[in-house]
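Visitor:
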Ligand code: TYD
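Residue numbers (full-length UniProt numbering): 1 to 259.
As structure tokens, this is what we get:
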């Protein structure tokens, strides 16, 4: 712990990657990474970056909470521990280059692709796979592509499907319990190597940046689309999600997260 704090204060950490919502730094050990959650949202259509005060701290806590809940069900994740308000220590994995999207209700890309109306409840949860490739604009891929091109093996894909369905069942119930509909969400996976076995585990983050979350009564978008499309005061939806999950006291506001 002391070495992590020292690294944070000195700022002399090797940056591994910077994305739209996180920066990854080398961790204190060769098999760990520090994930730093940023206060920004990027609007895909314009590539514009909007500053969202407090988002990094909220996402750090929300992801910690959801990952620990999944872990308690026996669903392994890369999360190790939060190390400060906006950073967490995670396990370094061999990343599987897929975005796994689980959909319960039609929204976003699936509506565009099939001409569906937003908000239609799907007959069953639908899992889709997208190749993580910015150059190729993250194309939709089939399991045949994934196996044939070696992005993941048949056994790994079975594991990924099983984990995705279990995580969806659990998260849908968890959010329903606090008046929120889980419309869809994205998971990423990586390989963790034990002494003589490989395990597929959940990586990245589970936050309102990677889930569509609508208020059950009003269908108001409490997630990043609320910030991007509906011009919410930036902290409103995320803060409300954290409050309803019971992560923050009723009275807290974003400023208090820093105090
Ligand atoms: P999707 O409808 O495929 O794309 P878009 O949000 O651009 O219309 O997104 C489905 C869900 O997966 C949504 O909750 C956002 C999440 N997601 C990500 O977090 N990152 C991604 O790169 C993609 C494609 C989706």
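Don't be surprised by glycine CBs; every beta carbon is placed ideally from N, CA and C.
Keep in mind the model is a prediction, meaning the values are calculated, not measured.
Residues bridged to residue 184 by DSSP?
Guide: Partner(s): 103, 212.
Visitor: So, residue 125 versus residue 146, is the Cβ gap smaller than 8 Å?
Guide: Their beta carbons are not under 8 Å apart, which means residue 125 does not touch residue 146 by this criterion.
Visitor: Taking only heavy atoms of the ligand TYD into account, decide whether any of them is closer than 7 Å to the Cβ of residue 178.
Guide: No; taking the cut-off as 7 Å, the Cβ of residue 178 has no heavy atom of the ligand TYD nearer than that.
Visitor: Along the chain, where does the beta strand (DSSP E) that runs through residue 79 open and close?
Guide: 79 to 84 is the extent of the beta strand (DSSP E) around residue 79.
Visitor: Are the Cβ atoms of residue 60 and residue 87 separated by less than 8 Å?
Guide: Yes, these two residues count as a Cβ contact at 8 Å.
Visitor: Any heavy atom of the ligand TYD within a distance shorter than 7 Å of the CB on residue 101?
Guide: It does: the Cβ of residue 101 is within 7 Å (strictly closer) of some heavy atom of the ligand TYD.
Visitor: Roughly how far, in whole angstroms, is the beta-carbon of residue 208 from the beta-carbon of residue 62, given that I think they are within contact range, below 8 Å?
Guide: 7 Å between Cβ atoms; contact.
Visitor: Which term fits residue 49, buried or exposed, when burial requires 16 or more other beta carbons within 10 angstroms of its beta carbon?
Guide: With fewer than 16 Cβ atoms within 10 Å of its Cβ, residue 49 is classed as exposed.
Visitor: So, with DSSP's three-state summary, where would you put residue 144?
Guide: Three-state result, residue 144: helix.
Visitor: Going by other Cβ atoms of all chains shown within 10 Å of its Cβ, with 16 needed for buried, is residue 205 buried or exposed?
Guide: Counting Cβ neighbours within 10 Å, residue 205 comes out buried, since at least 16 surround it.
Visitor: For residue 13, does the three-state DSSP call read helix, strand or coil?
Guide: If DSSP states are grouped into helix, strand and coil, residue 13 belongs with coil.
Visitor: Take every Cβ of the stretch 219 to 229, pair it with every Cβ of the stretch 71 to 80, and state whether three or more of those distances are shorter than 8 Å.
Guide: No: fewer than three Cβ pairs fall under 8 Å.
Visitor: Span of the beta strand (DSSP E) holding residue 203?
Guide: Residues 198 to 203.
Visitor: Just how far apart, CA to CA, sit residue 179 and residue 23?
Guide: Roughly 32 Å separates the two Cα atoms.
Visitor: Taking 8 Å as the threshold, find out whether the stretch 51 to 58 comes into contact with the stretch 25 to 34 through three or more Cβ pairs.
Guide: The stretch 51 to 58 vs the stretch 25 to 34: no contact.
Visitor: Examine the ligand TYD and report whether any of its heavy atoms sits within less than 7 Å of the Cβ of residue 228.
Guide: Incorrect: residue 228 has no Cβ contact closer than 7 Å to the ligand TYD.
Visitor: For residue 65 versus residue 182, is the C-beta distance shorter than 8 Å?
Guide: Not in contact: residue 65 and residue 182 (Cβ atoms no closer than 8 Å).
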